[in-house]
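Notes follow the structure.
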Ligand code: ATR
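Residue numbers (our numbering): 16 to 279.
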């Protein structure tokens, strides 16, 4: 049986094993896809052990995506552009890193007819999640990309760490946007949303990278603040998983029915 895993900390609530098992069923295969809880000190050893024991592919999640990029033998362009990886693949005795988060987000945008081209885009947050989507967004020819973060001095640090062909600007009070993407953990924590409500226009669309069965806190806040539509990141989770599955198995899964199968 082909062996896969997702590694992170925490990891118990990960939907990746279920999603990948559904993809494998569709392909007519049976796979072994496990959750691996790791720590900063053991991460490199945990990866080595998995691949030494016939592991084929691994997904990497918070907080190890930057480490995964650094410890790989080879890196695909998708991970080089953001110096971070969510997918590892062992081939010819080498571990190669990829990042499918950015393209996963764009594929979900396509599924929901959310346009990037010629749109004014705001990315909220300057952490790892923002880093992995900014370059792919910039490649879709937006009108402009701005970034807003609670801690302003973290913005130059993230901008130094990514390669784009579009200038990323810093948000200024009074600006509004066609598409607002939340990459912060605000939906997951018990704290009030402090971002300005006038970032929304009548036809603004909001997208929260986090997801839950009910609408996320950021989705609800966006609707209250005037967004026309507010999405959460379940679709992105499924699409990034499909891209990883394709890298490992050379098979493109159909993602249409996955949300329903997951009970969402
Ligand atoms: P990740 O890898 O998930 O992006 P991270 O690197 O810790 O996680 O980044 C978390 C992001 O959420 C940061 O942009 C953080 O803002 P700061 O740089 O100001 O810390 C943002 N964030 C977390 N809690 C927040 C809150 N209560 N209000 C606003 N932003 C918050």
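Ideal Cβ placement from N, Cα and C applies to all residues, glycine included.
DSSP three-state assignment for residue i, whether helix, strand or coil
i	result
residue 16	coil
residue 90	strand
residue 191	coil
residue 245	strand
residue 161	strand
residue 107	coil
residue 186	coil
residue 142	coil
residue 168	helix
residue 50	strand
residue 101	coil
Nearest-angstrom Cα separation, counted from residue j out to residue i
i	j	result
residue 22	residue 134	35 Å
residue 145	residue 166	14 Å
residue 151	residue 121	8 Å
residue 81	residue 43	34 Å
residue 119	residue 172	24 Å
residue 177	residue 149	8 Å
residue 206	residue 162	21 Å
residue 182	residue 99	20 Å
residue 15	residue 37	Here the chain covers residues 16 to 279 and nothing more, so residue 15 does not appear.
residue 277	residue 265	24 Å
residue 274	residue 113	24 Å
residue 26	residue 225	15 Å
residue 33	residue 197	25 Å
residue 108	residue 130	40 Å
Under 7 Å between C-beta atoms of residue i and residue j
i	j	result
residue 147	residue 116	yes
residue 18	residue 62	no
residue 199	residue 140	yes
residue 51	residue 83	no
residue 101	residue 75	yes
residue 358	residue 169	This structure cannot settle anything about residue 358, because the visible part of the chain is limited to 16 through 279.
residue 96	residue 73	no
residue 194	residue 262	no
residue 268	residue 41	yes
residue 35	residue 48	yes
residue 257	residue 271	no
Neighbourhood of residue i by C-beta, 8 Å cutoff - its chain only, sequence neighbours within 5 removed
i	result
residue 227	202 and 247
residue 217	241 and 243
residue 153	160, 179, 180, 181 and 183
Beta-carbon proximity list for residue i, same chain, < 7 Å, skipping 5 on both sides
i	result
residue 57	none
residue 66	105 and 110
residue 279	228 and 249
Cβ shell of residue i (< 6 Å), same chain only, five flanking positions each side left out
i	result
residue 191	214 and 216
residue 77	23
residue 186	161 and 163
Q. Should the segment 217-226 be regarded as contacting the segment 236-248, the criterion being three or more beta carbon pairs within less than 8 Å?
A. yes
Q: Count the CB pairs spanning the segment 248-256 and the segment 88-96 that are closer than 8 Å, and state whether there are at least three.
A: no
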